[in-house]
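Enquirer:
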Amino acid sequence: MAGKRVFVCSACGAQAAKWAGQCGECLAWNTLEESLVAVAPARGGKRRAVGYAGETAVGARRLSEVSAEPVQRQPTGLGELDRVLGGGLVSGSVVLIGGDPGIGKSTLLIQMLARLAGEHKSLYVTGEESAEQISLRARRLELQLDSLHVLTETSVERILQQAGVERPRIMVVDSIQTIHSEALQSAPGAVAQIRESAAQLVRFAKQSGTSIFLVGHVTKEGSLAGPRVLEHMVDTVLYFEGDRGNQYRLIRAIKNRFGAVNELGIFAMTDKGLRAVANPSAIFLSGHREAAPGSVILVTREGSRPLLVEVQALVDDSPLGNPRRVALGLEQNRLAMLLAVLHRHGGVPMYDQDVYVNVVGGVRIAETASDLAMIAAILSSHRDRPLSRKLVVFGEIGLAGEIRPVQNGQERLREAAKHGFETAVVPLQNAPKKGVRGLRIVPVARLGDAIEAFFSEA
Ligand code: TYD
Ligand code: MG
Numbered sequence: 027m028a029g030k031r032v033f034v035c036s037a038c039g040a041q042a043a044k045w046a047g048q049c050g051e052c053l054a055w056n057t058l059e060e061s062l063v064a065v066a067p068a069r070g071g072k073r074r075a076v077g078y079a080g081e082t083a084v085g086a087r088r089l090s091e092v093s094a095e096p097v098q099r100q101p102t103g104l105g106e107l108d109r110v111l112g113g114g115l116v117s118g119s120v121v122l123i124g125g126d127p128g129i130g131k132s133t134l135l136i137q138m139l140a141r142l143a144g145e146h147k148s149l150y151v152t153g154e155e156s157a158e159q160i161s162l163r164a165r166r167l168e169l170q171l172d173s174l175h176v177l178t179e180t181s182v183e184r185i186l187q188q189a190g191v192e193r194p195r196i197m198v199v200d201s202i203q204t205i206h207s208e209a210l211q212s213a214p215g216a217v218a219q220i221r222e223s224a225a226q227l228v229r230f231a232k233q234s235g236t237s238i239f240l241v242g243h244v245t246k247e248g249s250l251a252g253p254r255v256l257e258h259m260v261d262t263v264l265y266f267e268g269d270r271g272n273q274y275r276l277i278r279a280i281k282n283r284f285g286a287v288n289e290l291g292i293f294a295m296t297d298k299g300l301r302a303v304a305n306p307s308a309i310f311l312s313g314h315r316e317a318a319p320g321s322v323i324l325v326t327r328e329g330s331r332p333l334l335v336e337v338q339a340l341v342d343d344s345p346l347g348n349p350r351r352v353a354l355g356l357e358q359n360r361l362a363m364l365l366a367v368l369h370r371h372g373g374v375p376m377y378d379q380d381v382y383v384n385v386v387g388g389v390r391i392a393e394t395a396s397d398l399a400m401i402a403a404i405l406s407s408h409r410d411r412p413l414s415r416k417l418v419v420f421g422e423i424g425l426a427g428e429i430r431p432v433q434n435g436q437e438r439l440r441e442a443a444k445h446g447f448e449t450a451v452v453p454l455q456n457a458p459k460k461g462v463r464g465l466r467i468v469p470v471a472r473l474g475d476a477i478e479a480f481f482s483e484a
């Protein structure tokens, strides 16, 4: 595509030929970003009516006339990765994989390439590490080196030129933040560079059928560095989660055009790289410990499997006029909301208390079934009374103080029973009529009932 370099205001969309601190149209400051625009060849002064998408207009078709062959999926050799991808890698798809530095992105991808390299041509493009470092790591992981191809290059044009010659079936670009386009003058890592490089790679993937993995860095706040638009451009977005102090790593799909989202893949980092964890439900439990105030076990259901995790809370007198509310692995706004519900419907004021909640093991819980666990941990810390180590909880709390049911209650209860838990405080509608063997189920309908139930089990 012939491209012209312009500066586009991110607030009003106005274009300027030169960069300036202030947009000449809407007068916003620091909004001009470098960008490439397509220049369509002018014909007789008339603009062509065909849109950006193609040279050949196809016209609208009946959906029934569009052939819908099931997508071909290629197993990656790593079962847990296939699971998050929705059953394997789709050819021509672009997968963005984000996560903290050192969490294992490069390790995972080199392992995957090595497993696939026997059957398919693959290419590992690195802008971060040297070929020697990659080779060293691959040797340490005892991978098959013969069929692994590595390219150290940061110019997207040259990467694509090389890829055009090599024609790999699978290509890894580690990382997109180090790649730049020669058509732009801004530094690698700048928003315009990331966007343009990714756009060229996506176009190549769609045209050639090559599957591309893009590694993306995350910012301190935990979202992918660079433009959000990157997430819109790719087919699948995966996030690596986990504590570096803990050996377990989770991969979560947060967008997937070819499969379900919120599926989890679970790995353990070993001295031989990442190993899939086949039966992960209890890996985040800390074994036999003394019951301590502020801790409770939640049965969550991330992806298609139940997972037992420990939710912890610390409540302490606040020296601040505006007490702190900190949630790690849980949603901050949800915490604030639950504290309000706890005050209004449970009669427990927290306006002079700092409240911290955390999920052990670096897991992030997105579902509302964690509400009841958060409240249980907070109350336990506030009252300095430990809850039973044999207790599990799950359930959503509504603004009216009602306890609402969550999905797959039975399955969660069976999993808890399997791991030796003895009591479960759960929403009334989730209590099975027949019960669950080995588990005493305490159904609760209101916040008040729940509070009573937590401490009568202690
Ligand atoms: P890496 O894949 O380089 O992370 P990223 O690409 O996400 O930045 O992960 C490297 C980390 O994993 C490093 O801290 C060492 C550890 N590690 C192991 O524990 N075992 C191994 O076999 C390998 C290769 C790495
Ligand atoms: Mg890396």
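Count the sequence shown with this note's numbering and you get residues 27 to 484, in order. The beta-carbon is built from N, C-alpha and C at its ideal position, and this holds for glycine as well.
Using the beta-carbon count (16 or more within 10 Å), is HIS258 buried or exposed?
Expert: Counted from its first residue, the sequence shown places residue 258 at position 232. So HIS258 counts as exposed.
Enquirer: To the nearest angstrom, how far is the alpha carbon of PHE447 from that of ILE323?
Expert: Here residue 447 refers to the residue found at position 421 when the sequence shown is read from its first residue. Here residue 323 refers to the residue found at position 297 when the sequence shown is read from its first residue. Each residue's alpha carbon lies about 10 Å from the other.
Enquirer: What residues are listed by DSSP as bridge partners for ALA450?
Expert: On the sequence shown, residue 450 is found 424 positions in, with the first residue counted as 1. Answer is VAL418, ILE467, bridged to ALA450.
Enquirer: Determine the DSSP secondary structure at GLY190, reduced to helix, strand or coil.
Expert: As a position in the sequence shown, residue 190 is number 164, starting the count at 1. The answer is helix: DSSP assigns GLY190 an H, G or I state.
Enquirer: What do you reckon, is the C-beta of ILE129 under 7 Å from a heavy atom of ligand 1?
Expert: By 1-based counting over the sequence shown, the position of residue 129 is 103. For ligand 1, at least one heavy atom lies less than 7 Å from the Cβ of ILE129.
Enquirer: Buried or exposed for ASP172, going by 16 or more other Cβ atoms inside 10 Å?
Expert: Residue 172 sits at position 146 when you count from the first residue of the sequence shown. Burial call: exposed.
Enquirer: Which two residues bound the contiguous beta strand (DSSP E) that contains ASP380?
Expert: Within the sequence shown, residue 380 is the residue found at index 354, counting from 1. Counting along the chain, the beta strand (DSSP E) containing ASP380 begins and ends at 379–385.
Enquirer: Based on DSSP bridge pairs, tell me the residues matched to LEU149.
Expert: Along the sequence shown, one-based indexing puts residue 149 at 123. Its beta-bridge partners are HIS175, MET197.
Enquirer: When every heavy atom of ligand 1 is checked, does at least one fall within less than 7 Å of the C-beta of MET295?
Expert: Taking the first residue of the sequence shown as 1, we reach residue 295 at position 269. Under cutoff, so the answer is yes.
Enquirer: Give every residue of the same chain whose Cβ lies closer than 8 Å to the Cβ of LEU465, excluding the five residues on either side of it in the sequence, and list them in chain order.
Expert: Position 439 of the sequence shown, counted from the first residue, corresponds to residue 465. LEU439, ALA442, ALA443, PHE447, GLU448, THR449, ALA450.
Enquirer: Per DSSP, ASN282 is paired with what?
Expert: Indexing the sequence shown from 1 puts residue 282 at position 256. THR262.
Enquirer: When you compare each of ILE160, THR245, GLY355, GLY113 to GLY125 by their alpha carbons, which one comes out closest?
Expert: Reading the sequence shown from its first residue, position 99 is the one you call residue 125. It is THR245 whose Cα lies nearest to the Cα of GLY125.
Enquirer: What does a CB cutoff of less than 7 Å around LYS416 pick up in its chain, not counting 5 residues either side in sequence?
Expert: Indexing the sequence shown from 1 puts residue 416 at position 390. Cβ neighbours of LYS416 beyond the five flanking positions: PHE447, GLU448, THR449.
Enquirer: For ligand 1, is there any heavy atom lying closer than 7 Å to the beta carbon of LYS298?
Expert: Counting from 1 along the sequence shown, the entry for residue 298 is found at position 272. LYS298: yes, Cβ under 7 Å from ligand 1.
Enquirer: Run the CB neighbour count on HIS408, radius 10 Å, all protein chains shown included, and call it buried at 16 or more, exposed below.
Expert: If you number the sequence shown from 1, residue 408 lands on position 382. Its Cβ being crowded by 16 or more others within 10 Å, HIS408 is buried.
Enquirer: Hey, could you find the ends of the alpha helix (DSSP H) GLY215 is sitting in?
Expert: The count along the sequence shown starts at 1 and reaches residue 215 at position 189. Unbroken run through GLY215: none, as it is neither H nor E.
Enquirer: Looking at the strands, I want to know which residues DSSP matches up with SER223.
Expert: Numbered from 1 along the sequence shown, position 197 holds the residue referred to as residue 223. Answer is none; SER223 lacks a bridge partner.
Enquirer: For ligand 1, I want to know if THR326 counts as a neighbour, meaning its beta carbon is within less than 7 Å of at least one of the ligand's heavy atoms.
Expert: Counting from one through the sequence shown, the residue named residue 326 turns up at place 300. Not so, every heavy atom of ligand 1 lies at least 7 Å from the Cβ.
Enquirer: Count the other CB atoms within 10 Å of the CB of GLY128; is the residue buried (16 or more) or exposed (fewer)?
Expert: Stepping through the sequence shown from its first residue, residue 128 is reached at position 102. Exposed, since its Cβ has fewer than 16 Cβ neighbours within 10 Å.
Enquirer: Residues bridged to GLY275 by DSSP?
Expert: Within the sequence shown, the letter at position 249 stands for residue 275. According to the sequence displayed, residue 275 carries Arg and not Gly. According to DSSP, ARG275 bridges with PHE293.
Enquirer: What are the boundary residues of the beta strand (DSSP E) that VAL121 is part of?
Expert: Taking the first residue of the sequence shown as 1, we reach residue 121 at position 95. Where VAL121 is concerned, the enclosing beta strand (DSSP E) stretches over 120–125.
Enquirer: Helix, strand or coil for GLN338? Go by DSSP, reduced to three states.
Expert: Translated into the one-based positions of the sequence shown, residue 338 becomes position 312. Three-state DSSP puts GLN338 in a strand.
Enquirer: Per DSSP, which one or two residues make a beta bridge with ARG472?
Expert: The residue labelled residue 472 in the question sits at position 446 within the sequence shown. GLU428, per the DSSP bridge assignment.
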